[in-house]
Amino acid sequence: MLKFMKKTIAVGLLVSILAFSLTGCNSVTTGKRIIRIAHGQSETHPDNLGLLAFEKYVESRLGDKYDVQIFPNELLGPSVKAIELVQTGAIDFAVCSTGNLETFDNVYQIFSIPYLFDSVEAYHKVMEDKELMSSIYKSTEAAGFESVTWFEAGTRNFYAKTPIKTPDDLKGKKIRVQQSPTNVRMMDLFGAAAAPMSFGEVYTAIQQGVIDGAENNELALTNNKHGEVAKYYSYNQHQMVPDLLIGNVKFLNSLPPEERKVFDEAAEEATKVERSQWDSQIKNAIYQAKSMGVKFIDTDIEPFKEKVLPLHKELLEKNKKLQPIYDKIQEINKQVKEEK
Ligand code: GCU
């Protein structure tokens, strides 16, 4: 029933948004330009809190002109749909995982490479490397959107109805992945069957036994309630995949420089707030998940790593764009190790 209601609301919202976009009319009553931002997380998730900071920053400086509206919980549709809405300009921004951006530009395969980063510190250093990231962010410009900033999305691990302690435990299991060809291939190498689907479908799919488990950060257990239906979370640490705030290129380029500056600063502020929320929310999620009956399992990550390391070479050979980025990341991995 809830799902049906959510779908009905989503369709209604979408129809009215598309109607407004088509007529070029963004606000009937206030005369302000409405800025619509879609994402798939709940209102309390760090992504949403970051976006609220974005809204506050923009409206406190340009509030006479812009009204920022945030649509959480996949209200405007699952991630891939939201990306398409940004692409066409039906909405202005969306937060999405790089996993879902892969099919829009294959440069985003880089973040799906398992065990790419040697440490969280290295991952953060890469994401904060403005030169490296701005070329990646601009890669989808011709497709109508670009990334403006990143959000922390933790480390991805497996969780399932039964404990996964070694890669052998994945054999014959059906595991949900994002709609990303690289993630599907990664699951092949792990020896499981990949079930690509949108994030919002995962709870019911586990509950109904359509899949045996999924992979994500710990917030999925609590914010998305997956811990109610999957009671074993294994720290095999296969990926660190960021969320990105993407914006419609036409809209961004239409902004006068002083307004563009405000939007850019607002994006930076959003990242600051999102990241400052992250660690405490993860700690809290682990605590909460335990009280839901979820068991956290420490694993030896080496056997998991061994299974999927061939994917590095395979991807680098297939997608020539990746090599320079990959090399830079390895350099940063090394630097961080030496600094420790
Ligand atoms: C994380 C991430 C989301 C993504 C989701 C998924 O929760 O923050 O952006 O959609 O994983 O696995 O689909």
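Residue numbers (mature numbering (1 follows the signal peptide of the UniProt record, and there is no 0)): -21 to -1, 1 to 319. Where is the CB? At the ideal position from N, CA and C, for every residue including glycine.
- Take the alpha-carbon of F169 and the one of Q187: they are about 23 Å apart.
- G272 sits exposed, since fewer than 16 C-beta atoms from the chains shown fall within 10 Å of its C-beta.
- In the three-state reduction of the DSSP assignment, S177 falls in the coil class, being assigned neither a helical nor a strand state.
- Within the stretch 95 to 164, the complete beta strand (DSSP E) segments of 3 residues or longer fall at 124 to 130, 135 to 139, 153 to 156, listed in chain order.
- Secondary-structure assignment with DSSP links S213 through a beta bridge to F137, I276.
- Residue burial annotation: A139 is buried, with at least 16 other C-beta atoms found within 10 angstroms of its C-beta.
- Under the three-state reduction of DSSP output, V287 falls in the helix class.
- The continuous alpha helix (DSSP H) containing N232 extends over residues 228 to 233.
- Judged by DSSP in its simplified three-state form, S255 adopts helix.
- Y305 and E281 have their C-alpha atoms roughly 21 Å apart.
- Remark: the C-beta of D222 is in contact range of ligand 1, defined as less than 6 Å to any heavy atom.
- A Cβ-Cβ distance of about 5 Å is found for the pair A171 and I154, placing them in contact under the 8 Å criterion.
- For F90, no beta strand (DSSP E) encloses it, and the DSSP letter there is neither H nor E.
- An exposed status is given to S270, since fewer than 16 other beta-carbon atoms sit within 10 Å of its beta-carbon.
- DSSP, read as helix, strand or coil, puts N298 in coil.
- Under the DSSP assignment, I62 falls in the alpha helix (DSSP H) whose first and last residues are 58 to 67.
- In the structure shown, E197 falls within a coil segment according to DSSP collapsed to helix, strand and coil.
- Beyond the five residues adjoining it in sequence on each side, W257 comes within less than 8 Å, by CB distance, of P25, E131, G133 in the same chain, given in chain order.
- Here N215 is near T278, since their CB atoms are less than 7 Å apart.
- A distance criterion of 6 Å places the beta-carbon of G19 in contact range of ligand 1, judged by its closest non-hydrogen atom.
- Residue range 25 to 41 is occupied by the alpha helix (DSSP H) that includes A32.
- Assigned with DSSP and collapsed to three states, V315 falls in helix.
- Bridge partners of V208 according to DSSP: none are assigned.
- When C-alpha distances from A209 are compared across V189, D84, E107, the shortest belongs to V189.
- Its Cα nearest to that of P303, the residue I89 stands out among R164, P235, I89.
- Short of 8 Å from the beta carbon of F72, and not among the five residues preceding or following it, lie these beta carbons of its own chain, in chain order: I14, R15, I16, A17, V65, V127, L224, I225, G226, N227.
- Residue A32 holds the alpha-carbon nearest to the alpha-carbon of V241 among A32, T9, G56.
- Within the same chain, A171, D191 come within 6 Å of K152 by CB-CB distance, once the 5 residues on both sides are set aside.
- Counted as a single uninterrupted DSSP element, the beta strand (DSSP E) harbouring S76 occupies residues 72 to 76.
- A contact is defined here as three or more CB-CB pairs under 8 Å, and the stretch 285 to 292 fails this definition with respect to the stretch 72 to 82.
- Per DSSP, Q48 is one residue of the beta strand (DSSP E) stretching across 45 to 50.
- Taken atom to atom, the span from the alpha-carbon of K316 to that of E194 is near 27 Å.
- Following the DSSP letters along the chain, one finds I13 inside the beta strand (DSSP E) bounded by residues 12 to 17.
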